[in-house]
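Working notes for the structure below.
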Amino acid sequence: MASSERPASDGFTSRRAGPPSGPSDVRSAPFGGATAGQALGPAHYTVSATANERYWRAAGVDHPLLQAGRLYPPIAANLTILLFQTVAPRPLLHARQQLRCHRLGQSGFELTVAGHVTERFTKRGRDYAVVEAGIDLADGDRLWTSTATFCEVTP
Amino acid sequence: MTPATTGRGSLPGHHHVTAFDADALRAYSRRGNFHSDPAQAAKLGLDGLVAQGMQVAGPAYGMALEEWGEELLAVGNMDLRFVGMVHADETIETTMSIEDEQADVTVTNTTTDATAVVGTFSRRPSV
Chain L
4 MASSERPASD GFTSRRAGPP SGPSDVRSAP FGGATAGQAL GPAHYTVSAT ANERYWRAAG
64 VDHPLLQAGR LYPPIAANLT ILLFQTVAPR PLLHARQQLR CHRLGQSGFE LTVAGHVTER
124 FTKRGRDYAV VEAGIDLADG DRLWTSTATF CEVTP
Chain R
4 MTPATTGRGS LPGHHHVTAF DADALRAYSR RGNFHSDPAQ AAKLGLDGLV AQGMQVAGPA
64 YGMALEEWGE ELLAVGNMDL RFVGMVHADE TIETTMSIED EQADVTVTNT TTDATAVVGT
124 FSRRPSV
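First to last, the sequence lines map onto chains L and R.
Using my numbering, read the first sequence as starting at 4 and increasing by one per residue.
Using my numbering, read the second sequence as starting at 4 and increasing by one per residue.
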């Protein structure tokens with residue numbers, strides 16, 4: 004899969020896999036044909052101080068820890084979405100988010116995001132995918148573990 | 004981009020009312036998707052920009068942060084279900100009850116009277 008280094012429009016600097024590619028019948032399948040057990044990543048992102056503060060504030064959170072540059076842990080959800088979107092090309096709805104924090108993070112340092120699809124299921128006629136992602140600091144220490152459940156937005 | 008907030012309460016019943024306008028939604032999202040671009044939302048049949056679930060849960064995160072401080076960032080957990088959409092300029096009401104190591108949260112879209120988010124925050128006890 005192609006890799007590129009580029010500024011993402013969400014304010015993260017990304018060094019990640021390129022857009023999904025492959026046969027059109029696979030890309031048109033739910034979640035790009037992703038199946039349980041499929042590995043995702045690794046992808047690399049740097050959350051700048053500016054982007055970090057923007058997320059804190061846009062979520063309505065104002066706290067001295069923001070001024071100290073502490074990473075806003077719910078950003079883990081965005082990173083999980085970006086990771087899954089390396090294989091799932093269509094718009095996603097977020098149905099559930101679980102997050103476990105392992106230590107403090109600081110903005111401005113590269114994070115490595117990798118994981119896998121843990122489950123695929125159908126409920127009330129809709130396809131769902133569960134993705135677990137580990138977000139690690141540059142030294143390899145685990146920062147966050149994120150588990151997100153998605154369905155696709157259908158017109 | 005900072006959402007308008009009123010009515011923050013105090014323990015034991017945390018209470019928070021917030022409205023996310025389109026600028027706040029764009030600040031929390033990438034460009035060119037149904038959270039930030041009305042044309043993309045319309046293409047998917049949505050009634051305007053839709054707030055990300057985690058953005059809707061942001062005020063709840065803020066309440067838990069006020070209660071537990073840096074511990075929430077370092078060893079906190081959360082488990083949230085996004086059960087209803089919140090569109091730009093709709094108002095949400097966040098209520099949270101905190102007891103020891105766990106906080107239960109419900110976010111209601113007061114514009115539609117529908118529940119938007121339910122779940123829990125928790126912190127692992129020190130060892």
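Here a beta-carbon is modelled for each residue, glycine too, at the ideal position from N, C-alpha and C.
It should be emphasised that the depicted structure is a prediction, and the values quoted were computed from it without experimental measurement.
Could you tell me which of Ala44/R, Asp26/R, Asp107/R sits nearest to Ala63/R, measuring between CA atoms? If we check each option's Cα against that of Ala63/R, Asp107/R comes out closest.
Would you mind working out which of Glu104/R, Asp40/R, Gly35/R sits nearest Glu70/R, comparing C-alpha positions? Nearest option by C-alpha distance: Glu104/R.
Range covered by the beta strand (DSSP E) that runs through Gly128/L: Where Gly128/L is concerned, there is no enclosing beta strand (DSSP E), given that its DSSP letter is neither H nor E.
When the Cα atoms are used, what is the spatial distance from Pro76/L to Cys104/L? Cα to Cα, Pro76/L sits roughly 7 Å from Cys104/L.
Apply the 10 Å Cβ neighbour rule to Gly65/R and answer buried if 16 or more other Cβ atoms are within range, or exposed otherwise. When all chains shown are included, Gly65/R counts as buried.
Got a sec? Which residues, its chain only, sit under 6 Å from Thr93/R by beta carbon, not counting five neighbours each side? Reading the sequence as shown, one finds Glu at residue 93/R and not Thr. The answer, listed in chain order, is Asn112, Thr114.
Measure the C-alpha to C-alpha separation of Thr125/L and Leu96/L and round it to an integer number of angstroms. Roughly 14 Å between the two C-alpha positions.
Taking 7 Å as the limit between beta carbons, can you name the residues of its chain near Ala44/R, skipping five residues before and five after? Beyond the five residues adjoining it in sequence on each side, Ala44/R comes within less than 7 Å, by CB distance, of Phe37, Gly51, Leu52, Val53 in the same chain, given in chain order.
Assign Thr148/L to buried or exposed, taking buried as 16 or more other Cβ atoms, counted over all protein chains shown, within 10 Å of its Cβ. Label assigned to Thr148/L: buried.
First and last residue of the uninterrupted alpha helix (DSSP H) at Leu146/L: No alpha helix (DSSP H) contains Leu146/L, which is instead part of the beta strand (DSSP E) from 145-155.
By the criterion of Cβ-Cβ separation under 8 Å, what are the contact partners of Pro33/L in chain R? Below the 8 Å Cβ cutoff, chain R contributes no neighbours of Pro33/L, its closest Cβ being approximately 15 Å away.
Candidates Ala141/L, Ala46/L, Ile84/L: which alpha carbon is nearest Glu155/L's? When each option's Cα is compared against that of Glu155/L, the closest is Ile84/L.
For Thr83/L, the first and last residue of its enclosing alpha helix (DSSP H): First-last of the alpha helix (DSSP H) with Thr83/L: 78-87.
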